[in-house]
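Read through the structure below, which is laid out as structure tokens, and then see the notes.
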Amino acid sequence: MGIVTAVSRNGTYAFTKPNRDAITLLDGLGVEGDVHAGVTVKHRFHMRKDPTRPNLRQVHLIHEELFEEVREAGFSVTAGQLGENVTTRGLDLLGLPTGALLRLGGEAVVEVTGLRNPCAQIDGLQKGLLKRMVERDGDGAPRPLTGVMSVVRAGGVVRPGDPIVIELPDRPHHPLRIV
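Offset between the sequence shown (1-based) and the numbering used here: plus 10.
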């Protein structure tokens, strides 16, 4: 079991998202009051490609442990600065299979849809940080470290300190890919 350490949302397009005392997840839409909430894609890049595509990026979750890893390399990153809505601790988000359900607090449930791709805006936060957001696997293929994307399956309020419980989908499990 993991824990929510911070929640963030922003009603306007900006790379970072201010931390909040709580956020409300809306079934099938995303974070109430967040610019990325909606049934269809809201990410500017994806909207230019096809604005009718389903929004698989309603809620962005990132593991707080990543901030500690990059801090060792001389960077300073805090919750919300990479645009995530939910910052977690104690979960291997990147190791989850597609379709895993995360119960956040008492009511909210999100379904993991895939990995978040790191974008060039990360270097706008701190020069050189983007390079730290990708690692290479044993075959040399890139593996993004910037968290996972999800859709809301059950709405509810999420606050720092809320527990996170994982429900894995039936096998066979499918590894996460960039959405």
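Yeah, the Cβ is synthetic: ideal placement off N, Cα and C, and Gly gets one too. Quick caveat, the model's predicted, so the values are computed rather than measured.
C-beta atoms of residue i and residue j nearer than 8 Å
| i | j | result |
| --- | --- | --- |
| Gly-157 | Leu-71 | yes |
| Ala-32 | Arg-169 | yes |
| Ile-132 | Leu-103 | no |
| Tyr-23 | Arg-54 | yes |
| Pro-179 | Ala-89 | no |
Own chain partners of residue i with C-beta closer than 8 Å, once the 5 adjacent residues on each side are dropped
| i | result |
| --- | --- |
| Val-87 | Leu-76, Phe-77, Val-80, Arg-81, Leu-135, Gln-136, Leu-139 |
| Glu-117 | Ala-164, Gly-165, Gly-166, Val-167 |
| Ile-13 | Thr-98, Arg-99, Gly-100, Gly-171, Asp-172, Pro-173, Ile-174 |
| Leu-36 | Glu-42, Ala-47, Val-162, Gly-165 |
| His-184 | Pro-107, Thr-108, Gly-109 |
Length of the line joining the Cα atoms of residue i and residue j
| i | j | result |
| --- | --- | --- |
| Thr-97 | Pro-152 | 23 Å |
| Thr-123 | Met-159 | 6 Å |
| Pro-173 | Leu-101 | 11 Å |
| Pro-107 | Pro-61 | 26 Å |
| Pro-182 | Thr-15 | 31 Å |
| Asn-95 | Ile-188 | 18 Å |
| Glu-177 | Glu-121 | 9 Å |
| Lys-52 | Arg-126 | 14 Å |
Cβ neighbour criterion (16 or more within 10 Å) applied to residue i
| i | result |
| --- | --- |
| Ala-130 | exposed |
| Arg-63 | exposed |
| Val-17 | buried |
| Arg-146 | exposed |
| Pro-128 | buried |
| Val-49 | exposed |
| Arg-30 | buried |
Residues near residue i by beta carbon distance below 7 Å, same chain, minus five either side
| i | result |
| --- | --- |
| Asn-20 | Lys-27, Pro-28, Asp-44, Val-45 |
Cutoff 6 Å; reference residue i; Cβ partners in own chain excluding five residues on either side
| i | result |
| --- | --- |
| Thr-34 | Glu-42, Val-167 |
| Arg-113 | Val-119, Val-175 |
| Gly-115 | Val-168, Asp-172 |
| Phe-25 | Gly-93, Gln-131 |
| Met-11 | Pro-173, Val-175 |
>> If we require 4 or more residues per run, which alpha helix (DSSP H) segments fall completely within the segment 69-123?
In response: For the segment 69-123, the continuous alpha helix (DSSP H) assignments of 4+ residues that do not extend past its boundaries occur at 75-82, in sequence order.
> Which parts of the segment 131-171 are runs of the beta strand (DSSP E), unbroken and 3 residues or longer, counting only runs that do not cross its ends?
Replying inline: For the segment 131-171, the continuous beta strand (DSSP E) assignments of 3+ residues that do not extend past its boundaries occur at 144-146, 152-154, 158-164, 166-168, in sequence order.
> Which whole runs of the beta strand (DSSP E) in the segment 24-65 are 3 residues long or more, in chain order?
Replying inline: Counting whole runs of 3 or more residues, the segment 24-65 contains the beta strand (DSSP E) stretches 33-36.
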